[in-house]
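The sequence shown begins at 1 in UniProt numbering and counts up one residue at a time. Note that the Cβ used here is the ideal one computed from N, Cα and C, for glycine as well. Some notes on the structure that comes next.
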Amino acid sequence: MALCLGLFCTTAFAQQKQISGVVKDASGEPMIGVTVMADGRVAAVTDLDGNFTVKDVKPSTRLTVSYVGYREQSVTVGNQASFDITMAVDNQQLDEVVVVGYGTMKKKDLTGAVASVRASDLAQVAAPNALQAMQAKVPGVDLQQKDGQAGGGISMNLRGNRSLLASNSPLILVDGVEYGSTLDIPASDIESMDILKDAASTAIYGTKGANGVIIITTKRGKAGRTSVSFNGYVSFNSATGITKPMYGDKEVQRLVDARDYKKMLQGGDWTAAQRTTTVTDVLGLKLDDGTLTEDIYKDKSYTDWLDMILQNSVSQNYEVSVQGGGEKTNFNISLADMIDKGLMQGDEFHRYTGRANVDHHINKIVKVGASLSYVYKSNDKRNGGVYNQAQKMTTITHAYLTDGRINAQPNPWYAAHCSPLLDENGNYQRNIETSRFFGSAYAEITPVKNLVLRSQFTLDRTTWRDGLYQDYQSQGRYQAPTTTYIKNERQTSTKYVWQNTANYNLSLNAQHDFTFMLGHEMTQKVTEGSNIYGSAGAEHYYQSTFYDVSKIIKADGTSSYVKSNMVSFFGRVNYSYLSRYLLQASLRTDGSSVLAKGHKWGYFPSVSAGWRMSDEAFMQGTKSWLDNLKLRASWGLSGNAAIDEYQTLAAITSIVPNSTDKAPMTMANSDLTWEKTSALDFGLDFSFLDSRIYGSVDFYSSHTYDLLYYKIAPMSSVFTSQINNVGKTRGHGWEIALGGVPVQNKNFRWDINATATFARDYVDELTAGISQYVDGINLLKVDEPVSAYYTYEVDKCWKVGEFDTYVEQNYTSQGKTFTKPYSDYGSPGTPKVIDQNGDGVIDDNDKKVYNRSPKAILGLNTSFNYKDFSLSIQTMARLGGYMSYAAYGLYTYDGSNWGDLDYWTPENTGALIPSPGADSKGSGPAYKNAIEMQKADYFKIKDITLAYQLPKSVLRKCLMSNARIYCSMKNFFTFSHFNDYDPERGGAISFPLQKQVIVGLNVTF
């Protein structure tokens, strides 16, 4: 929409006067909180009716009106005294400011691969972790939630895996300072999240940038009317994707089928004549109180253990913030309280946060400010073994004895199983308590125009305590060692960061634009820790639990003190010609105390370029429909700070306790250096039809070298291996983001955004002379994926008579022989292992590589807005890749509950799981891992949210500027080849994920 200026008064003023006006949106509704600037200074903010007044203006004064998501409007006052201003929605957002390393840039000037998530996107996320706003919305991000524990974390990487031993998690910065691998900041405190993906963008962070960088910018105050915001929601949680137990009669039938199978195998007769086992034959055992298992079968008084330990829960989150300011001082203060209750009783997570951001202009040259935050977290955790035990426990039993006591050993077929209920009533107590102060203060000086000098000091101090009390009658210690266990572990970490930067902007002839940045950073981190633990005998200490370590009879303990320093120098130059031809170059050098002499310094350069083709003369004919077309190319070198503080030195230990004799505990390597990643990126940004269609496409290729991995030590050494820089990996991929507004009119708007990520990564090199490492089923092999399993392939089970025919057709008829890997191999109901090379021997040569990483990650997000109602739907798919599905391994536990597995019988010959009567030594552990290999594909409707925005006419009467009520459904619909499992968990069958119904309210006064 155009800027509409209505002249309501034509009287000429002298030099200064007062003006007034009203700001409305395209529908004619007044806009609240719009900033009005006069000659670059904040002069007014619109009130509840959209009105503003500015005093002492001259005819030459330039008014600028701005609001997030709308195009900035400007006009010279002249002789007018009243203004009627209509704001137009900014679809294009090319002038949107993006945070990059130690500075900001306009989106149109970017030459690297940078994605952004704004406050408006975060407002839609009702989740404990704001990073979840990126899931399926930012291409290149692989984010998953592995379990539903209270306060449970997430796993995340950018552009695949590249390190073998080190973390592949991205670097997270908050207001320019490293924050750690977790994010405990409420979403309402965040202004933006900018994701730096290519090496040209991350090289400025040197040794910590190889895995990508996520820059969190918190909200700061704005001049104008003080506003108060409240965001709160209540979440009703229940378990989803639970691996069901084999319950009641079906479990009894499994026992019958197992005994019948052994009869048929022994007699070689697979007809019904051999199936003579009765329920009485398999249910002759008794519980500790004398109850017969056959009586439980008869009266159907089975026990559903998962139902006994799981619960539906209610979580709550409340956030309040106050924001405002004047011409010189701006502030933003917030408080938040989150109570997250898990799916097991006693599983709770509490988080309390407070934040204060203040900025003050001392004068036109000097600006100072501070950002202070405090986080307190208390996590009452349950024993993960309880859930695992509940899954494996027989249902043909009773949880309580006839006298009301807990049936401590309720499985008559397997005495080692202890009741999951033993951890109730205080027998297991674990609490992790964390408090963190994260504060910074800065001074910013502008001595001359376009030159900004900034110095910032940050203090980050965290105290952490992990206390554990396991009573001698708890589930984990009831049978052994039958003593109470107490542990009290504490750690304090203090980090100091001092940053100094200088930014200078230079424009020549309105054609050449330069931006120069130089910086220096010093970091020191000190960590102290202690751990006291041991047995407290066969006594109850319910009152003191882990707080009183004096109860420990014979205490063991450890203590530690770790200190490291890093100093860095960095710089960047940006050049723009006609805002059409863009160049950027940067260099960072890091020096670290953790490395030995001669290897302390690392250098990380980058260069990138961009070309806005849409501004070329030969593209003028496309102006009616083409808004932006930009090509990008970049190269950079970044690092991964994966070396521990004293890893280059040899640690020593006492040979005998209290002795002065010492011996080396680790093998020193003074040649260690950082892992490094060299990466290329080629990108295309585009938008059409006034940004009704927009998107980007990126291709990247990376090579990581000097990877940390084990090198076999000389035979003369007492050590088997030594950490060295010996490995190389490579990766490449495509990232696509596409968005649009298919329909937009006065009452209705439809937005749609789609993302696609296609990534591959491979091992290029391991230790010299070694092409692969195998650790169980985990594989590292040259030219194979970085994250892979290595085991056999199973094609269901052998049918009656099938094995003899198979051997005849594939071996005997060709003059070859087949050697059974164990005596019963080939028997009906045992795993059919594929002889990959056809040599008649099942050995390691027949194992197969299973890539754990997905081939594609797809996201589709759409929203429909009709008047004051909105409906948004978030979907995602993760395709390709395998997982080790632990539930399929339960069949090897003869005395346990198998879960609701589809196993082989003479009538059910198409089952994957072997017969319960098959020899577990042969059909079990040898090929269990192969049976667990399952495709991890899934499609999920992640979130459905229906919201209602109160009309502005109602808001004005209630003195509110915004009010939104919403209801969300999360994790309700997952589609995969599993009936009762959510593959997002990655194959584990520990704590299940939650599905949630969330009711929330957002209000601003």
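Option in the options with minimal Cα separation from residue i
i: Glu907; options: Gly859, Gly829, Asp868, Gly840; result: Gly829
i: Asp751; options: Asp844, Leu860, Asp795; result: Leu860
i: Met344; options: Ser787, Phe52, Asp380; result: Asp380
i: Met522; options: Ala963, Leu459, Ser702; result: Leu459
i: Lys746; options: Gln814, Asp868, Ser301, Glu528; result: Asp868
i: residue 1022; options: Tyr577, Ser560, Val562, Ser586; result: The question about residue 1022 has no answer here: the residues shown for the chain are numbered 1 through 1005.
i: Asp839; options: Tyr822, Gln814, Leu171; result: Gln814
i: Leu158; options: Ala200, Val794, Leu183, Val213; result: Val213
i: Ser301; options: Asp795, Leu401, Met566; result: Leu401
i: Gln744; options: Tyr789, Asp764, Ile736, Leu689; result: Leu689
Residues near residue i in its chain [Cβ-Cβ closer than 6 Å; skip 5 each side]
i: Ile873; result: Thr862, Ile944
i: Phe682; result: Ala633, Phe699
i: Glu72; result: Ser66
i: Ala115; result: Val138, Ile195
i: Ile215; result: Val99, Leu173, Asp194
i: Gln499; result: Gln456, Glu521
i: Thr329; result: His360
i: Ser493; result: Thr462, Thr527
i: Leu372; result: Ala356, Gly439
Rounded separation between residue i and residue j - CA only
i: Tyr533; j: Val366; result: 54 Å
i: Met264; j: Arg254; result: 15 Å
i: Ala130; j: Val117; result: 10 Å
i: Asn753; j: Arg692; result: 11 Å
i: Phe719; j: Asp289; result: 54 Å
i: Arg405; j: Cys958; result: 59 Å
i: Thr892; j: Lys781; result: 29 Å
i: Asp466; j: Gly176; result: 30 Å
i: Ala759; j: Val125; result: 27 Å
i: Gly28; j: Thr353; result: 39 Å
i: Tyr102; j: Thr501; result: 8 Å
i: Gln584; j: His977; result: 48 Å
i: Gln772; j: Leu779; result: 7 Å
i: Tyr70; j: Gly636; result: 35 Å
i: Met134; j: Glu294; result: 54 Å
i: Asn237; j: Ala480; result: 35 Å
i: Tyr472; j: His540; result: 8 Å
i: Gln311; j: Gly346; result: 10 Å
i: Leu306; j: Ala390; result: 6 Å
i: Lys921; j: Tyr496; result: Summary for Lys921: the model assigns pLDDT 49, below 50, so the residue's position carries little reliability; its value from the coordinates is reported in the next sentence. Using only the alpha carbons, I get a separation of about 57 Å.
i: Tyr561; j: Ser435; result: 19 Å
i: Lys364; j: Ala356; result: 23 Å
i: Ile362; j: Val386; result: 60 Å
Same chain only: Cβ atoms within 8 Å of residue i, ignoring 5 sequence neighbours per side
i: Lys554; result: Gly534, Ser535
i: Phe83; result: Leu5, Gly6, Ile19, Ser20, Gly21, Val22, Leu63, Val75
i: Gly639; result: Gly206, Thr207, Lys208, Gly209, Ala210, Asp590, Gly602, Phe604, Trp674, Glu675, Lys676, Thr677
i: Gln132; result: Val125, Leu143, Gln145, Ile154
i: Leu993; result: Gln145, Asp147, Gly148, Ala239, Thr240, Gly241, Asn971, Asp982, Glu984, Arg985
Sequence-distant residues of its chain with Cβ nearer than 7 Å to residue i (five each side left out)
i: Gln470; result: Tyr428, Gly476, Arg477, Thr484, Tyr485
i: Tyr705; result: Lys676, Lys728
i: Ala38; result: Val54, Val57, Thr61, Leu63
i: Ala415; result: Gln409
i: Lys711; result: Ser721, Gln722, Asn724, Val726, Thr767
Distance between beta carbons of residue j and residue i, contact taken as under 8 Å
i: Gln323; j: Asn317; result: Rounded, the Cβ-Cβ distance is 19 Å, inconsistent with contact.
i: Lys848; j: Tyr792; result: 7 Å
i: Ala88; j: Lys17; result: In fact, because the Cβ distance is near 28 Å, the residues do not count as touching under 8 Å.
i: Val999; j: Val234; result: 5 Å
i: Thr226; j: Glu191; result: About 18 Å separates the two Cβ atoms, so there is no contact after all.
Start-end ranges of the beta strand (DSSP E) lying completely within the region 586-666, minimum 3 residues: 601-612, 626-640, 652-654, 662-664
Every unbroken beta strand (DSSP E) inside the region 426-467 [3 residues or more]: The DSSP assignment places 428-445 as complete runs of the beta strand (DSSP E) inside the region 426-467, in order along the chain (cut-off: 3 residues).
Length at least 4, wholly inside the region 767-821: the alpha helix (DSSP H) runs in chain order: 802-810
Any beta strand (DSSP E) of 3 or more consecutive residues that is wholly inside the region 299-330: As far as the region 299-330 is concerned, its whole beta strand (DSSP E) runs of at least 3 residues are 313-325.
Ranges of the beta strand (DSSP E) found wholly within the region 693-724, counting only runs of at least 3: 693-712
3-residue-minimum beta strand (DSSP E) runs that sit fully inside the UniProt domain "TonB-dependent receptor plug" (106-213), ordered along the chain: 114-118, 141-145, 154-158, 171-174, 190-196
Start-end ranges of the beta strand (DSSP E) lying completely within the region 931-977, minimum 3 residues: 933-935, 938-949, 962-975
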